[in-house]
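Residue numbers (the working numbering): 2 to 194. Each residue gets a CB set at the ideal place from its N, CA and C atoms; glycine is no exception. Nothing here was measured: the structure is a model prediction, and the numbers come from that model.
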């Protein structure tokens, strides 16, 4: 296990799927960190692709107290993430910040948060990609329709006083991806604040 000479807290990447947060010492400060996946989720370019392309990952939250976590997707123009401790879904597009309030959302230690991205097939040029979130295998709220098409987006987590174990499909997901149907219920613009 590592440590900070100044006694500050920090996340330590233990493996490709495990990030352990080392809490600060008595006089230290718990730092936050943005950790991005090594690879982007890329829009399929095959003209003959007839199906929707589905990307998904899950993270198990491990914490004791004073945790902060944001989990979602981002690229140069978009940042869409779930902030469990703030009970919000943030949607930032070209430096315009919007959010959806989730007043009834609750979570606890060892809950599993999932993030999904769905690209429509190229032949459906009137459909746009969308993002959705899950908790313990159940969808949270509605999906977020992305206003513009884009080529790729990268999964990320933003951590403070919270460890995670992430699954990109090496193990079974809690969310039953085989029963995922194309979502037709999206947050409307007027629902964002």
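* What number of angstroms, rounded off, separates the C-alpha of residue 44 from the C-alpha of residue 169? -> Near 17 Å, if we compare the C-alpha coordinates of residue 169 and residue 44.
* Asked: How many Å lie between residue 117 and residue 55 at the Cα?
  -> Roughly 7 Å between the two C-alpha positions.
* From 34, 27, 64 and 57, pick the residue whose C-alpha is nearest to that of residue 155; which is it? -> It is 57 whose Cα lies nearest to the Cα of residue 155.
* Residue burial classification, residue 35 (beta-carbon count within 10 angstroms, cutoff 16) -> Exposed, because fewer than 16 other Cβ atoms sit within 10 Å of the Cβ of residue 35.
* To do: Taking only the alpha-carbon atoms, compute the straight-line gap between residue 32 and residue 178 and give it to the nearest angstrom.
  => Linking residue 32 to residue 178 through their CA atoms gives a straight-line distance of about 34 Å.
* Asked: Considering only C-alpha positions, which residue in the set 123, 105, 192 and 38 is nearest to residue 60?
  -> The residue with the shortest Cα to Cα distance from residue 60 is 38.
* Asked: Going by DSSP, which residues form a beta bridge with residue 116?
  -> 58 and 134.
* Between which two residues does the beta strand (DSSP E) carrying residue 79 extend? -> Looking at the DSSP string, the run of the beta strand (DSSP E) that includes residue 79 is 79 to 84.
* Asked: Does the count of Cβ pairs from the stretch 80 to 90 and the stretch 140 to 149 closer than 8 Å reach three?
  -> Result yes; three or more Cβ-Cβ pairs closer than 8 Å.
* To do: Name the one or two DSSP bridge partners that residue 167 has.
  => Answer is 60, bridged to residue 167.
* To do: For residue 180, name the three-state secondary structure that DSSP assigns.
  => The DSSP-derived three-state label of residue 180 is helix.
* To do: Note down, in chain order, each residue of its chain lying with its Cβ closer than 7 Å to the Cβ of residue 112, except the 5 sequence neighbours on either side.
  => Excluding sequence neighbours, residue 112 sits near 62, 136 and 137.
* Indicate the three-state DSSP secondary structure (helix, strand or coil) for residue 102 in the structure shown. => The three-state secondary structure of residue 102, taken from DSSP, is strand.
* Check whether the Cβ atoms of residue 99 and residue 194 lie closer than 8 Å to each other. => Yes, the Cβ-Cβ distance between residue 99 and residue 194 is below 8 Å.
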